[in-house]
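S.K.:
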Amino acid sequence: MSVFAVLASTSARRAAAFIPGRSRSAAITKVFGGLPLQRSHSFHFLEQKQSSRLFATIADEAATVEEEELVELPTNDNDEELLRIRHSSAHVMAMAVQRIFPEAQVTIGPWIDSGFYYDFFFPERTDEESGETIPARKLSEQDLKDVKKAMDKIIGKDYPISREEVSREEARRRIEKIGEPFKLEILDSIKTEPITLYHIGDEWWDLCAGPHVDSTGKLPKKAIQLQSVAGAYWRGDENREMLQRIYATAWKDPQQLKQYKKMLEEAKKRDHRMLGKKLDLFSIQEDAGGGLVFWHPKGSKVRRMIEDFWKDAHIQDGYDVVYSPHIANIDLWKTSGHFDFYRADMFDQMDVENEQYQIKPMNCPFHCLMYKDELRSYRDLPFRWAELGTVYR
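Heads up: the sequence shown begins at 3 in this note's numbering, then just goes up one per residue.
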């Protein structure tokens, strides 16, 4: 949970939506100095008048409620009907895209925590009359509106959604007939037989294991919203084709969609990037590099208080606080496995006195070195160390 959400309160009472398992302001249960907190520890530093004024400003700007009427939104894990709606909505969206843009090739379209997405490949085309090359289409906001209208028509027709099992050879024959190379790759990655297909009426089908609703008319079209378009590489490989990913959300009824959108609006109000700038807590200086945080005096006070809270909490729970270097010989990261498994997310190595060093992507190897610095017994367990370490990745 954002510190701004934890430290903010208001006397207003209102309804708020949340998705189970995610942070929410209603978790705040302890109050001192007029500010609600999640946990009661030693907070003598908050009694300073200057600090109180600072946190009061944060509380006012964050506008998080102290007392909320919570509306629990369903998830894919606890609601199979919602999962079916999202999965079928993804297929309907893909069908709509290919109705509008016949050149579009489908790849994958899974459900995700808040909805679903589908990746499409738009190849370059040749104009039949002029022979000129037409660049690959870039989906626009208007395209999303057109796709949603096409989806609504498909839903309104109430096409049956049916399951079919075929042999691998038959699946390959059908895919080659419609010219979908990405589907062939997906087929080759499926190790089991028979191959399952899901059809929407007689017009559209895809490789899929299900589950789905019985017909498109079962989908609540007013509870489906197309949200954005993003780029994605096929198979996550930057050397492969660039795809266009349409993100969407889908719920069981319009009221749930409304609650979800309200939750997103509330989250924007507590966006740390917006609050950091508005409250003069920190800045991102592009001259120094993207994403590098410069803590201003007010932000430094907030950070110091959070760090003190963190240290107090860990010490009271039996942890000892340690400190470790920011850099180590590359051999340590090879021994720990970080170099092999996380190399793509690590910064480049540097040469220091004819040896290669790596700034740390994680703290754990350092703690292992400290632990083995002396012989220890099982009687020493449990062993609790904690570090507010800076990691780079």
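Using N, Cα and C, we set each Cβ at its ideal position, and we do this for glycine too. Keep in mind it's a predicted model, so treat the numbers as computed, not measured.
#1: Taking all protein chains shown into account, decide if G117 is buried (16 or more other Cβ within 10 angstroms of its Cβ) or exposed.
#2: In this structure, does DSSP put P112 in helix, strand or coil?
#3: Please classify L141: is it buried, with 16 or more other beta-carbons within 10 angstroms of its beta-carbon, or exposed?
#4: Quick one: what does DSSP say A138 is sitting in, helix, strand or coil?
#5: How long is the line joining the alpha carbons of E105 and P256, rounded to whole angstroms?
#6: Report the partner residues of M244 according to the DSSP bridge assignment.
#7: Whose CA, out of F385, E376 and P299, lies closest to the CA of I317?
#8: Could you work out which residue in R174, Q358 and K313 is closest to I192 when comparing CA atoms only?
#9: Can you check DSSP and say which residues form a bridge with E357?
#10: For Y380, is the classification buried or exposed, using 16 other Cβ atoms within 10 angstroms of its Cβ as the cut-off for buried?
#11: Out of G133, D121 and K159, state which residue places its alpha-carbon closest to the alpha-carbon of K185.
#12: Can you have a look at V393 and say buried or exposed, based on whether 16 or more other CB atoms are within 10 angstroms of its CB?
#13: Where does the unbroken beta strand (DSSP E) through F343 begin, and where does it stop?
#14: For K147, which option in T128, L189, D216 and V231 has the closest C-alpha, if you only look at C-alpha atoms?
#15: Taking Cβ positions, are L398 and I188 nearer each other than 8 angstroms?
#16: Assign R88 to buried or exposed, taking buried as 16 or more other Cβ atoms, counted over all protein chains shown, within 10 Å of its Cβ.
#17: Nearest by alpha-carbon distance to E182: which of W207, E167 and T194 is it?
#18: Using the rule of at least 16 other Cβ atoms within 10 Å of the residue's Cβ for burial, across every protein chain shown, is I226 buried or exposed?
#19: Roughly how many angstroms lie between the CA atoms of K300 and M265, to the nearest whole one?
#20: For M348 and R395, what's the separation of their Cα atoms in angstroms?
#21: Determine the closest residue to I361 out of P327, H274 and A269, with distance taken between C-alpha atoms.
#22: Answer with buried or exposed for Y235, where buried requires no fewer than 16 other C-beta atoms within 10 angstroms of its C-beta.
#23: In the structure shown, what three-state DSSP assignment does P162 receive?
#24: In whole angstroms, what separates the C-alpha of F311 from that of F123?
#25: I'd like the span of the alpha helix (DSSP H) that includes F368, first residue to last.
#26: Do you know whose CA, among T109, I114 and I197, lies nearest R86's CA?
#27: Determine the extent of the beta strand (DSSP E) in which S285 is found, giving its start and end residues.
#28: Hey, how far is the Cα of K179 from the Cα of E172?
#29: Determine whether the beta carbon atoms of G219 and Y200 lie at a separation below 8 angstroms.
#30: In three-state DSSP terms, what is E143?
#31: State the DSSP-derived secondary structure class of T337, mapped to helix, strand or coil.
#32: At a Cβ threshold of 8 angstroms, is V354 touching chain B?
#33: Taking 8 angstroms as the cut-off, decide whether the C-beta atoms of L84 and K254 are in contact.
#34: Rounded to the nearest angstrom, what separates D216 and D204 at their Cα positions?
#35: Using alpha carbons as the reference points, say which of Q144, G133 and K336 lies closest to V99.
#36: Answer yes if the region 351-358 comes into contact with the region 328-342, meaning at least three C-beta pairs across the two stretches below 8 angstroms, and no otherwise.
M.R.: Short version:
#1: buried
#2: coil
#3: buried
#4: coil
#5: 33 angstroms
#6: Y235
#7: F385
#8: R174
#9: V354
#10: exposed
#11: D121
#12: exposed
#13: Not the beta strand (DSSP E): F343 falls in the alpha helix (DSSP H), residues H340 to F343.
#14: V231
#15: A question about residue 398 goes unanswered here, because the residues of the chain that appear run from 3 up to 395.
#16: buried
#17: W207
#18: buried
#19: 28 angstroms
#20: 5 angstroms
#21: P327
#22: exposed
#23: strand
#24: 50 angstroms
#25: C366 to Y373
#26: I114
#27: F284 to I286
#28: 11 angstroms
#29: no
#30: helix
#31: helix
#32: Protein chain content of the structure displayed is limited to a single chain, and chain B is not contained in it.
#33: yes
#34: 14 angstroms
#35: Q144
#36: yes
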